[in-house]
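K.L.:
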Amino acid sequence: ITVTLKIAKRLIESNGEAVSGQHLADELGISRTAIWKHIKELEEKGYGIESVKKKGYRIVMLPDTLEPLGIQTGLKTKSIGREIEYVESCASTQIIAHQLAQEGAPDGTVVLTETQTAGRGRLARKWDSAANKGAWMSIILRPDVAPQKAPQFTLVTAVAVVRAIEEVTGLQPQIKWPNDILLNGKKCTGILTELQSDADGIQALIIGIGLNINQEKDDFDAGVQDIATSLKMESGEAVNRQKLVQSLLFYMELYTQMYIEEGFAMLKILWESYSTTIGQPVRARMTNQTLEGIAEGITDDGVLQLRTADGKLHGIYSADIEMTNKSRK
Ligand code: BTX
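Here full-length UniProt numbering is used: the sequence shown runs in plain steps of one and ends on residue 331.
#1: At the level of alpha carbons, what is the spacing between ILE37 and LYS56?
#2: Report yes or no: is there a C-beta of chain C within less than 9 Å of the C-beta of SER275?
#3: How should residue 1 be labelled, buried or exposed, when 16 other C-beta atoms within 10 angstroms of its C-beta is the threshold for buried?
#4: What residues are listed by DSSP as bridge partners for ASN214?
#5: Would you kindly work out how many angstroms separate the C-alpha atoms of ALA148 and LEU173, rounded to a whole number?
#6: Measuring from the CB of GLN118, is there a heavy atom of ligand 1 at a distance below 8 Å?
#7: Give the single residue among GLY210, GLU46, VAL170, ILE229 whose Cα lies nearest to the Cα of THR156.
#8: For ILE86 and LEU246, what's the separation of their Cα atoms in angstroms?
#9: By DSSP's criteria, VAL158 is part of a beta bridge. Which residues make up the other side?
#10: Between TYR276 and the rest of its own chain, which residues show a CB-CB distance below 8 Å, the 5 nearest in sequence each way excluded?
#11: Between MET325 and ligand 1, is there a pair consisting of the residue's CB and a ligand heavy atom that are separated by less than 8 Å?
#12: Note down the Cα distance separating ILE97 from ALA120, rounded to an integer number of angstroms.
#13: Considering only DSSP beta bridges, list what THR292 is partnered with.
#14: Return helix, strand or coil for LYS331, following the three-state DSSP convention.
#15: Using 10 angstroms around the beta-carbon of GLN118, count the other beta-carbons present and answer buried if the total reaches 16, otherwise exposed.
#16: Hey, is GLN96 close to ligand 1, as in C-beta under 8 Å from one of its heavy atoms?
#17: Within the same chain, show all residues whose beta-carbon is closer than 6 Å to that of ARG34, passing over the 5 residues directly before and after it, in chain order.
#18: Here's a check: name, in chain order, each residue in its chain whose Cβ is nearer than 8 Å to the Cβ of LYS219, leaving out the five neighbours to either side.
#19: Of the residues HIS25, SER81, LYS151, which one's Cα is nearest the Cα of GLN198?
#20: With a threshold of 6 Å on Cβ separation, who are the neighbours of GLY299 within its own chain once the five nearest residues in sequence on each side are excluded?
#21: Taking the alpha-carbon positions, what's the LEU233 to ASN242 distance?
#22: With hydrogens ignored, establish whether the beta-carbon of ASP220 is closer than 8 Å to any heavy atom of ligand 1.
#23: If distances are taken between C-alpha atoms only, which option among LYS188, ILE229, LEU293, THR171 comes closest to GLY238?
#24: Should ARG330 go down as buried or exposed, given a rule of 16 or more other Cβ atoms within 10 Å for buried?
#25: Quick check: the segment 105-116 against the segment 69-86, are at least 3 beta-carbon pairs closer than 8 Å?
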């Protein structure tokens, strides 16, 4: 961490109180002129800093970026987000995270970027990742659970995403099984869980999360404009991306811990309470067939239970779900 960032950290941590230039100079062992130069540098980076006469410097605005300093200051987690790999742009945070995981990155490492040129969804679909308007991230977890449990982490992540959006914006998202987070029937977040495993079990889970935050309709690719939405479009207000990411990392840690220690039962109740799918007629498109019926619930393993008209109950492990009740959005 550079001296400039140390100063930023010191100002952020003083919670809006001015910090004297002399204090900063003494603490860092540099001259007051040097402090002044670093302050100018912070201003150029987008920090709003006020000079209060006789009192010193006070931070009044943070730059709207996802840089680790802003995310980690005030972050309420023990492990998730303690290591952050931040890049301004990349092909996909999943690629970087896979690489880092192979090199031994610790549990809880987060890869964050402002824009992706090849953001990906399930089945090699494209994920539209507009610059500086969302949060595109991958979280590396190293849970001691069997590889078949990996899909449950998608459900646990969905609950964490819903809680974070609720907390920061007051909006009430819904979950469409397995991995879509919806607002007014449109997708505001996508989740992609990938796995590195061997004979010993899971080596790493790479959980990709794409949060649409401050986009306007035009910021989305034409092909997704009708199905995508952002928190700003739904709430009418710009959302602080740093706060949202902090809140998400907090709930990710809380719920993944809960899952690892106590199993899926509690999370299943939360998940079902946010779900738009359960109890509804749906069409499930799988690679080899399509089934229609009522989505009755999920099992303790996160498998969707679909009852078809002939009364048979089918366990769906992976599919695209369409709501067939037209009166609902
Ligand atoms: P999915 O396969 O469920 O959804 C992909 C589909 O969603 C696309 O085919 C398109 O129709 C639609 N879509 C594309 N972009 C958006 C968008 N920004 N908002 C709403 N709908 C969209 C979902 O896959 C999983 C997405 C994970 C994305 C994260 S971002 C960070 C990480 N890195 C990476 O490359 N992927 C993950």
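For every residue, glycine included, the Cβ atom is placed at its ideal position computed from N, Cα and C.
P.N.:
The answer reads as follows:
#1: As a working mapping, residue 37 is identified with position 35 in the sequence shown. As a working mapping, residue 56 is identified with position 54 in the sequence shown. Distance between the alpha carbons of ILE37 and LYS56 is about 15 Å.
#2: Although the question refers to chain C, the structure presented lacks it and comprises just one protein chain.
#3: In the structure displayed, the chain extends from 3 to 331; residue 1 sits before or after that span and is not available.
#4: The count along the sequence shown starts at 1 and reaches residue 214 at position 212. In the DSSP assignment, ASN214 forms a beta bridge with GLY136.
#5: Stepping through the sequence shown from its first residue, residue 148 is reached at position 146. Stepping through the sequence shown from its first residue, residue 173 is reached at position 171. CA-to-CA, the gap between ALA148 and LEU173 works out to about 35 Å.
#6: Here residue 118 refers to the residue found at position 116 of the sequence shown. Within the cutoff, so yes.
#7: Within the sequence shown, residue 156 is the residue found at index 154, counting from 1. Of the listed residues, the one whose Cα sits closest to THR156 is GLY210.
#8: The residue labelled residue 86 in the question sits at position 84 within the sequence shown. The residue labelled residue 246 in the question sits at position 244 within the sequence shown. So the two alpha carbons sit approximately 16 Å from each other.
#9: In the sequence shown, residue 158 corresponds to position 156, counting from 1. Paired residues: none, contrary to the question.
#10: For the purposes of this step, residue 276 is identified with residue 274 of the sequence shown, where counting begins at 1. Closer than 8 Å at Cβ, skipping near neighbours: ALA160, VAL161, VAL164, PRO175, GLN176, ILE177.
#11: Locating residue 325 in the sequence shown gives position 323, counting from the first residue. Result no, Cβ not under 8 Å from ligand 1.
#12: Position 95 of the sequence shown, counting from 1, holds the residue named residue 97. Position 118 of the sequence shown, counting from 1, holds the residue named residue 120. C-alpha separation (whole angstroms): 10 Å.
#13: Counting from 1 along the sequence shown, the entry for residue 292 is found at position 290. According to DSSP, THR292 bridges with ARG287.
#14: Here residue 331 refers to the residue found at position 329 of the sequence shown. In this predicted model, LYS331 has a pLDDT of only 43, less than 50, meaning its place in the structure is not dependable; the value taken from the coordinates is given anyway. Residue state, collapsed to three classes: coil.
#15: Taking the first residue of the sequence shown as position 1, residue 118 is located at position 116. Buried.
#16: Translated into positions along the sequence shown, residue 96 becomes position 94. At least one heavy atom of ligand 1 lies closer than 8 Å to the C-beta of GLN96.
#17: Within the sequence shown, residue 34 is the residue found at index 32, counting from 1. The residues GLY23, ALA27, in chain order, have a CB closer than 6 Å to that of ARG34 in the same chain once the five nearest residues on each side in sequence are set aside.
#18: Residue mapping note: residue 219 aligns to position 217 of the sequence shown, counting from 1. Here the set comprises GLN227, MET235.
#19: As a first step, residue 198 is located in the sequence shown; it is residue number 196 there, counting from the start. With distances taken between Cα atoms, GLN198 lies closest to LYS151.
#20: Position 297 of the sequence shown, counted from the first residue, corresponds to residue 299. Hits under 6 Å: ILE280, GLN307.
#21: Within the sequence shown, the letter at position 231 stands for residue 233. Within the sequence shown, the letter at position 240 stands for residue 242. Here the alpha carbons of ASN242 and LEU233 stand approximately 10 Å from one another.
#22: Along the sequence shown, read from residue 1 onward, the residue named residue 220 stands at position 218. No.
#23: In the sequence shown, residue 238 corresponds to position 236, counting from 1. Here the closest residue by C-alpha is THR171.
#24: Taking the sequence shown and counting its residues from 1, the one referred to as residue 330 is at position 328. With a pLDDT of only 47 at ARG330, under 50, the local geometry of the prediction cannot be trusted, and the value read off the model is given with reservation. Result: exposed.
#25: When Cβ pairs closer than 8 Å are counted between the two stretches, the segment 69-86 is seen to touch the segment 105-116, the count reaching three or more.
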